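Peer 1: This is the structure, below, for whatever I ask next.
There are 2 protein chains.
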Amino acid sequence: MTTTHRSPALAAISVEEAVEALRERGLRASAARRLVLEALYGADGPLSAERVAEGLEGRLPRSDLASVYRNLETLEEVGLVRHVHLGHGPGLYALAAPEHEYLLCESCHAVRTVASEELDAARAQVREQFGYEARFTHFPLVGLCPDCISESHEH
Amino acid sequence: MTTTHRSPALAAISVEEAVEALRERGLRASAARRLVLEALYGADGPLSAERVAEGLEGRLPRSDLASVYRNLETLEEVGLVRHVHLGHGPGLYALAAPEHEYLLCESCHAVRTVASEELDAARAQVREQFGYEARFTHFPLVGLCPDCISESHEH
DNA sequence: ATAGTTTTTGCGACTCGTTCGCAGTTACGC
DNA sequence: GCGTAACTGCGAACGAGTCGCAAAAACTAT
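From first to last, the protein sequence lines stand for chains P and S.
Count along the first sequence from 1, then add 193; that gives the number in the working numbering.
Count along the second sequence from 1, then add 193; that gives the number in the working numbering.
And the structure:
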């Protein structure tokens, strides 16, 4: 088991650390709960509740969809999980750490995942102008990606 | 009938101009369609399909919800209407002209409506850094509004 | 190990926002 | 006015998510 010494909010943590965080809150480490965690640990991007319930196409045992939703909610309350709404379609869930922000292309629906610092310049601009502290973790920054811009230019 | 010499995409147009645009496409100006247009013309902000169907709380005749959705879709295809997803909750519809962009507070759900130019500096920053052309018309720029920032600071 | 307590599960039924199918109606072109 | 699209209004269905509830599993104290 790999141990990180950075804060759970910033760095990836292990499944066992996650279970520990649950126990501290009086929550139980049920099989279904662990499955949700394992799915999120094993995924290389945000997952829908449905894909988790289906066990990532057979790579894990399947589980009940309503329970998956409940567990995702619980894990989110504990701060282990986050969800993002990438345009239409179901909400997508990922480990809260490390924290990512998202850019979504309105035209081709491509998603670019970036570290928070990369957006700090844009954030500063918005903050200065509007007083808003922009966050693209729960809803992405939406626009046209480079590919779709050039496509629309060549017409 | 008032004629504008600016593009419909930029300036507000009248109901009769809207009907004209429909006719040019072989579409009909049915009573239900006109009602949708009138609701949007009379509103001071984006409306849900449901409020349109209910005739803005009695100010207009009520109409069938499915038809309202179909008409909003048609009007959007013609370019007269736009919809925006302000966080959770139903989609909200407004006249496409004049074009607005939106800032949404993730905490108190307040919505700030701004003219596109106001966002050009932020857009330029994002464009330079990521090549994305950010647009906050269909999905808002999400973050914490000034009020919620100070509230979270005083703790 | 075991009983007791409390959380969690799995199921189905339900909500909300939205779309679809389809028979009947209405708008426009002649 | 008459024919032929387009459009309406209805109800049923949809996808995403939530809720109620009895049965099962996880931790606790013994």
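Note that beta-carbon positions come from the ideal geometry of N, C-alpha and C, so glycine has one too.
The model shown is predicted, which means the values in this text are computed figures rather than measured ones.
Go to A308/S, then tell me how far its beta strand (DSSP E) extends in each direction, as first and last residue.
Peer 2: If you number the second sequence from 1, residue 308/S lands on position 115. 304-308 is the extent of the beta strand (DSSP E) around A308/S.
Peer 1: Leaving out five residues before and five after H276/P in sequence, what residues of the same chain have Cβ atoms less than 8 Å from its Cβ?
Peer 2: For this step, residue 276/P is matched to residue 83 along the first sequence. The residues are P239, L265, E269, G284, L285, Y286, A287, H331.
Peer 1: Kindly indicate if chain P contains any beta-carbon less than 9 Å away from that of G272/S.
Peer 2: In the second sequence, counting from the first residue as 1, residue 272/S sits at position 79. Output row for G272/S: interface = no.
Peer 1: Just verifying my parser: in three-state terms, what is the DSSP assignment at Y286/P?
Peer 2: The sequence position of residue 286/P within the first sequence is 93, counting from 1. Three-state result, Y286/P: strand.
Peer 1: For S241/P, write down the residues that DSSP places opposite it in a beta bridge.
Peer 2: Here the question's residue 241/P lines up with position 48 in the first sequence. Bridge partners of S241/P: L285/P.
Peer 1: Which chain S residues are close to V335/P, counting only those with a beta carbon under 8 Å from its beta carbon?
Peer 2: Counting from 1 along the first sequence, the entry for residue 335/P is found at position 142. By Cβ distance, chain S contributes A327, R328, F329, H331, F332.
Peer 1: Reducing DSSP to helix, strand and coil, say where G336/P ends up.
Peer 2: On the first sequence, position 143 is the one that residue 336/P refers to. The answer is strand: DSSP assigns G336/P an E or B state.
Peer 1: So the beta strand (DSSP E) L297/P belongs to, where does it begin and stop?
Peer 2: Here residue 297/P is taken as the residue at index 104 of the first sequence, counted from 1. Note, L297/P: beta strand (DSSP E), 293-298.
Peer 1: Using beta-carbon positions only, say whether L312/P and V271/P come within less than 9 Å of one another.
Peer 2: As a position in the first sequence, residue 312/P is number 119, starting the count at 1. As a position in the first sequence, residue 271/P is number 78, starting the count at 1. Cβ atoms of L312/P and V271/P: not closer than 9 Å.
Peer 1: Using beta carbons (cut-off 9 Å, strictly below), is R275/P in contact with chain S?
Peer 2: For the purposes of this step, residue 275/P is taken as the residue at position 82 of the first sequence. No, its Cβ sits nowhere closer than 9 Å to a Cβ of chain S.
Peer 1: Does the distance from the C-beta atom of F323/S to that of P291/P stay below 9 Å?
Peer 2: Taking the first residue of the second sequence as position 1, residue 323/S is located at position 130. Taking the first residue of the first sequence as position 1, residue 291/P is located at position 98. Against a cut-off of 9 Å, the Cβ pair of P291/P and F323/S comes out as no contact.
Peer 1: To the nearest angstrom, how far is the alpha carbon of V229/P from that of Y295/P?
Peer 2: If you number the first sequence from 1, residue 229/P lands on position 36. If you number the first sequence from 1, residue 295/P lands on position 102. Rounded to whole angstroms, V229/P to Y295/P spans 22 Å at the Cα level.
Peer 1: Give the single residue among S241/S, R252/S, G251/S whose Cα lies nearest to the Cα of A259/S.
Peer 2: Position 66 of the second sequence holds residue 259/S. Comparing Cα-Cα distances from A259/S to each of S241/S, R252/S, G251/S, the minimum goes to S241/S.
Peer 1: Do we get a CB-CB distance below 9 Å when we pair G368/P with the residues of chain S?
Peer 2: Residue 368/P lies beyond the residue range present for chain P, which begins at 194 and ends at 348; the question has no answer from this structure.
Peer 1: Residues of chain S with CB closer than 8 Å to the CB of A314/P, please, in chain order.
Peer 2: Indexing the first sequence from 1 puts residue 314/P at position 121. Chain S residues near A314/P: Q318, Q322.
Peer 1: In whole angstroms, what separates the C-alpha of G336/S from that of R252/P?
Peer 2: The count along the second sequence starts at 1 and reaches residue 336/S at position 143. The count along the first sequence starts at 1 and reaches residue 252/P at position 59. Each residue's Cα considered, the two are about 36 Å apart.
Peer 1: At a CB distance below 8 Å, what residues from the segment 204-219 of chain S approach chain P? Give them in sequence order.
Peer 2: Listed in sequence order: no entries.
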